[in-house]
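Protein sequence lines, in the order shown, are assigned to chains G and S. Just add 513 to wherever you are in the first sequence, counting from 1, and you've got my numbering. Just add 513 to wherever you are in the second sequence, counting from 1, and you've got my numbering. Reviewing the structure listed below.
2 protein chains.
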Amino acid sequence: MLKCEVISIGTELLMGQIVNTDAQYISSRLPECGVGVFYHSVIGDNPGRIKEALKIGFERCDVVITTGGLGPTQDDLTKEIVADFLGLKLVLDDRSSERIRKYFEDRGRVLVESNLRQAYFPEGSIIVENDMGTAPGCIVEKDDKVIVMLPGPPKELIPMFDKVMKYFKEKQLGRLFSKYIRIVGMGESMVEQKIYDIVSSQTNPTIATYAKDGIVTIRVTASNEGGSNPEVLVNDMVNKICEILGDNVYTTENDELEYVVFKLLKERNLKIATAESCSGGVLAQLLTSIPGSSHVFHSGFVTYSEESKIRALGVERSTIETYSAVSSQTAREMADGACRKTGCDVGVSITGYAGPDGESVGLVYIGVSYGGATEVSEFRFSGNRERIRTMSAVTALDMVRRTILNKS
Amino acid sequence: MLKCEVISIGTELLMGQIVNTDAQYISSRLPECGVGVFYHSVIGDNPGRIKEALKIGFERCDVVITTGGLGPTQDDLTKEIVADFLGLKLVLDDRSSERIRKYFEDRGRVLVESNLRQAYFPEGSIIVENDMGTAPGCIVEKDDKVIVMLPGPPKELIPMFDKVMKYFKEKQLGRLFSKYIRIVGMGESMVEQKIYDIVSSQTNPTIATYAKDGIVTIRVTASNEGGSNPEVLVNDMVNKICEILGDNVYTTENDELEYVVFKLLKERNLKIATAESCSGGVLAQLLTSIPGSSHVFHSGFVTYSEESKIRALGVERSTIETYSAVSSQTAREMADGACRKTGCDVGVSITGYAGPDGESVGLVYIGVSYGGATEVSEFRFSGNRERIRTMSAVTALDMVRRTILNKS
Chain G
514 MLKCEVISIG TELLMGQIVN TDAQYISSRL PECGVGVFYH SVIGDNPGRI KEALKIGFER
574 CDVVITTGGL GPTQDDLTKE IVADFLGLKL VLDDRSSERI RKYFEDRGRV LVESNLRQAY
634 FPEGSIIVEN DMGTAPGCIV EKDDKVIVML PGPPKELIPM FDKVMKYFKE KQLGRLFSKY
694 IRIVGMGESM VEQKIYDIVS SQTNPTIATY AKDGIVTIRV TASNEGGSNP EVLVNDMVNK
754 ICEILGDNVY TTENDELEYV VFKLLKERNL KIATAESCSG GVLAQLLTSI PGSSHVFHSG
814 FVTYSEESKI RALGVERSTI ETYSAVSSQT AREMADGACR KTGCDVGVSI TGYAGPDGES
874 VGLVYIGVSY GGATEVSEFR FSGNRERIRT MSAVTALDMV RRTILNKS
Chain S
514 MLKCEVISIG TELLMGQIVN TDAQYISSRL PECGVGVFYH SVIGDNPGRI KEALKIGFER
574 CDVVITTGGL GPTQDDLTKE IVADFLGLKL VLDDRSSERI RKYFEDRGRV LVESNLRQAY
634 FPEGSIIVEN DMGTAPGCIV EKDDKVIVML PGPPKELIPM FDKVMKYFKE KQLGRLFSKY
694 IRIVGMGESM VEQKIYDIVS SQTNPTIATY AKDGIVTIRV TASNEGGSNP EVLVNDMVNK
754 ICEILGDNVY TTENDELEYV VFKLLKERNL KIATAESCSG GVLAQLLTSI PGSSHVFHSG
814 FVTYSEESKI RALGVERSTI ETYSAVSSQT AREMADGACR KTGCDVGVSI TGYAGPDGES
874 VGLVYIGVSY GGATEVSEFR FSGNRERIRT MSAVTALDMV RRTILNKS
């Protein structure tokens with residue numbers, strides 16, 4: 514396995530103005546093509562320190578990937594410093610210079626000469642085109658080392674990274690294949706305990722788990738070492754794990770939960786309405802984050818006040834007075850009301866205490882109304898206001914998923 | 514100024530499972546106490562590589578701050594490796610061991626001996642107590658160097674960091690003071706151009722700008738070098754900048770825009786209702802993210818379908834048929850309907866094309882109804898679906914802010 518260091522260049526990272534999502538993105542993808550990330554470094558826009566970082570990187574790794582410092586300004590020095598470090602000349606790439614000219618032309622902007630600095634690369638570079646901005650990246654091989662230079666903005670770097678993956682897949686003899694199993698409704702330690710016996714002694718495939726916002730992700734990765742077929746190894750292991758975890762597994766395609774719920778609704782031609790109190794729109798926002806969600810998402814109500822629960826959803830005043838706004842009864846009438854007021858097939862409601870103050874912080878009722886029946890469940894979520902709101906929305910999505918699957 | 518490296522320890526960072534927000538948080542705070550962050554590094558849970566990283570860190574910096582590796586498991590080795598590196602013994606801290614015992618007792622959990630490893634520190638350590646978990650941190654001085662060790666989980670690290678700030682403020686003779694000016698409704702390059710003359714030759718205070726999601730932040734930081742008073746220097750500069758940027762400045766207290774709008778509404782005892790189409794709940798979610806938002810937030814409507822705009826908000830069917838759902842007229846009736854249906858003082862509406870497909874992606878109408886008048890503005894936002902939704906919500910908040918300020 515090739516060892517890699519990701520060196521991110523930019524003073525804004527060291528000032529804490531932005532978080533280094535580039536390093537995370539690169540790290541999450543590289544293992545699939547047999548490159549292991551062993552170090553991340555962040556350095557300011559300072560030639561001496563950048564050169565020092567390259568020296569350290571090449572001493573301890575086979576591959577260095579830089580992010581940032583490819584812009585048109587005098588601060589953007591990555592290519593110059595790398596070329597100098599490797600003893601290579603910078604040469605003009607005609608195709609890149611054409612693309613940059615066209616980029617400016619298309620936008621009616623005037624090209625200044627400094628923009629063409631972005632078309633110069635260390636001699637022998639493989640160019641990585643950038644469809645989202647003016648700074649192309651490049652891959653340079655020198656002796657037995659490889660350096661990849663990419664621009665910092667994630668919206669440019671992410672689409673360019675496919676070409677980098679392809680380069681390393683072709684370069685490496687080893688071949689890796691991964692799948693991601695995603696689980697909802699079961700905590701990480703419980704997941705690990707349940708699959709412990711079948712994964713503890715594994716070396717190929719390897720298994721890694723990770724939890725965030727109520728979702729546990731298991732990555733299963735196999736290589737072709739010893740002549741084995743990584744797809745077969747991974748699929749066998751994925752099947753075994755899915756059998757153990759049952760309907761807590763909501764995808765083996767690494768999809769977001771809201772996307773899986775969207776697909777379930779769309780396939781069955783169902784419309785959904787949301788009725789949220791403590792989650793304040795987080796659920797509606799998740800469902801509508803998906804392109805095309807208007808096929809399934811009809812209406813959302815953020816009924817934060819008691820008055821709005823009564824007016825917008827038709828919750829009975831007596832229900833709130835007798836049982837309070839945070840109760841199984843209110844959740845039931847909210848879900849029913851969401852269906853009735855909109856004519857939707859599915860209504861989902863959330864009411865609870867998101868905190869930060871109060872005795873019952875974390876107590877949340879979630880209701881799902883579908884096919885003439887309404888189910889309400891009580892939850893006690895821990896954590897801060899943001900986490901309680903997110904957990905409420907994720908759990909509501911999961912209840913919708915299970916309800917639809919059980920009735921189909 | 515002391516030079517600092519942040520070394521984050523944890524294989525999950527190198528696998529891309531989590532993003533290094535600890536390094537960002539530390540970097541954003543340290544300059545205020547006269548410590549400059551020059552490097553971030555990320556290393557896996559590997560003793561040899563951690564030791565190597567410490568060596569590099571102490572060669573190039575005065576201060577090393579480690580995050581992670583303070584847990585109770587065999588993988589958590591930071592203190593052992595640091596003690597060994599510095600040639601110091603690990604000794605038991607009685608107060609910490611008591612606190613850990615109590616933490617387990619309070620939760621009815623059984624303490625295993627390995628948990629007490631967390632009460633051992635390099636001799637001479639200043640202990641940094643952890644109220645959110647079992648792993649205390651520590652500060653160790655050795656010769657003219659300082660090492661600070663903190664746990665990885667942000668919810669533990671963030672509250673502990675105040676004590677670290679206090680330590681460095683007391684240690685340093687130099688003293689820094691910062692203020693943050695936040696701007697909405699004006700792009701970063703325009704902001705920079707407007708303030709160029711007064712900031713270009715500044716060395717004390719220094720000025721840095723940063724833009725995200727439609728908000729530009731200017732940090733103004735001054736030191737007491739040459740006997741000057743940093744508070745006076747910063748406040749003078751902040752006043753000058755605010756004068757130039759006028760009502761585009763929404764705070765000099767580094768507050769979020771939704772919090773400023775919340776305060777404006779609360780001070781005037783106003784209730785607000787939101788009516789969102791393309792933003793799908795992002796605006797409601799921002800407003801309700803604030804603790805106590807139920808004082809001002811009454812109802813939100815996510816009227817994604819035409820039918821729901823008509824039913825929930827009372828938009829005229831003929832308006833949609835004549836002008837389409839994305840039009841100034843529909844935005845106006847949505848804002849009016851939000852007020853009328855809820856009895857709220859302020860109604861705010863968003864309707865537009867968030868994409869990704871279609872010719873008019875980015876075209877958004879935002880309406881604000883208040884005090885008997887309704888204003889609608891047309892915007893063309895660029896970027897992907899997520900950015901268009903966020904920009905719509907941020908701009909709607911800004912329109913509410915300006916409307917209330919202009920009418921008061």
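Ideal placement from N, C-alpha and C gives every residue a C-beta, glycine not left out. This structure is a prediction, so every number in the text was calculated from the model and none was measured.
Rounded to whole angstroms, the gap between the alpha carbons of Ser713(S) and Pro649(G) is 30 Å. For Glu593(S), no beta strand (DSSP E) encloses it; the enclosing alpha helix (DSSP H) starts and ends at Thr591 to Leu599.
Between the alpha carbons of Val762(S) and Val913(S) lies a distance of about 14 Å. Thr764(S): not part of any alpha helix (DSSP H); member of the beta strand (DSSP E) spanning Val762 to Thr764, first to last residue. Those residues of the stretch 515 to 529 of chain G placed with their C-beta closer than 9 Å to a C-beta in chain S are Val519, Ser521, Thr524, Glu525, Leu526, Leu527, Met528 and Gly529, ordered along the chain. Per DSSP, Val907(G) lies in no beta strand (DSSP E) segment; the continuous alpha helix (DSSP H) that holds it begins and ends at Arg898 to Lys920.
Scanning its chain for C-beta atoms nearer than 6 Å, with the 5 sequence neighbours on each side dropped, one finds around Gly557(G) the residues Thr524 and Leu527, in chain order. In the DSSP assignment, the residues bridged to Phe690(G) are Ala735(G). Taking every protein chain shown into account, the CB of Met662(G) has 16 or more other CB atoms within 10 angstroms, so this residue is buried.
Between Gly739(S) and Ala797(G) a beta carbon distance of about 55 Å is seen, past the 8 Å cut, so the two are scored as non-contacting. When DSSP states are grouped into helix, strand and coil, Met662(S) belongs to the strand group. For Ser554(S), the closest C-alpha among the options Arg562(S), Arg620(S) and Glu618(S) is that of Arg562(S). The residue among Met703(G), Lys692(G), Gly582(G) and Ser790(G) with its C-alpha nearest the C-alpha of Leu746(G) is Lys692(G).
The shortest C-alpha to C-alpha distance from Ala721(G) to any of Val751(G), Asp675(G) and Leu918(G) is the one to Val751(G). Here the alpha carbons of Arg630(G) and Ala788(S) stand approximately 48 Å from one another. Separation of Glu642(S) and Ile613(S) (C-alpha to C-alpha, rounded to the nearest whole angstrom) is 11 Å. Inter-residue distance for Lys658(S) and Ile569(S) is about 13 Å (C-alpha atoms, whole angstroms). Proximity of chain S to Asn533(G) at the Cβ level (cut-off 8 Å) is accounted for by Val532, Asn533, Ala536, Gln537 and His553, in chain order. Per DSSP, reduced to three states, the secondary structure at Leu670(S) is helical. Apart from the 5 residues on each side of it in sequence, Glu846(G) sits with its Cβ closer than 6 Å to the Cβ of Val828 and Thr832 in its chain, given in chain order.
When C-beta atoms of the stretch 538 to 549 of chain G are compared with those of the stretch 677 to 689 of chain G, three or more pairs fall below 8 Å, so the two segments count as touching. Taking a C-beta cut-off of 9 Å against chain S, the contacting residues of the stretch 546 to 578 of chain G are Gly549, Val550, Phe551, Tyr552, His553, Ser554, Val555, Ile556, Gly557, Asn559, Arg562, Glu565, Ala566, Ile569 and Arg573, listed in chain order. Collapsing the DSSP output to three states places Leu583(S) in coil.
A Cβ of chain S is located within less than 8 Å of the beta carbon of Glu899(G). Spatial neighbours of Gly813(G) in its own chain (CB-CB distance under 6 Å, excluding positions within 5 residues in sequence) are listed in chain order as Thr787 and Ala797.
The Cβ-Cβ distance between Ile522(G) and Thr591(G) falls below 8 Å. Separation of Leu800(S) and Asn737(G) (C-alpha to C-alpha, rounded to the nearest whole angstrom) is 51 Å. In this chain, the beta strand (DSSP E) harbouring Leu603(G) covers Leu603 to Leu605.
Under DSSP, Gly813(G) shares a beta bridge with Thr787(G) and Val815(S). At a cut-off of 8 Å between beta-carbon atoms, Phe674(G) makes no contact with chain S. Around the beta-carbon of Tyr709(G), fewer than 16 other beta-carbon atoms lie within 10 Å, marking it exposed. Taking C-beta separations shorter than 8 Å and ignoring five residues to either side along the sequence, the partners of Ile711(S) in its chain run Met750, Lys753, Ile754 and Ile757, following chain order.
When Cβ-Cβ separations below 8 Å define contact, Gln798(S) makes contact with chain G.
Of all residues in the stretch 628 to 651 of chain G, none is placed with a Cβ closer than 7 Å to any Cβ belonging to chain S. Interface with chain G (8 Å Cβ-Cβ cutoff): His808(S) is excluded.
The C-beta distance from Tyr883(S) to Val839(S) rounds to 22 Å, too long to fall under 8 Å, and the pair is not in contact.
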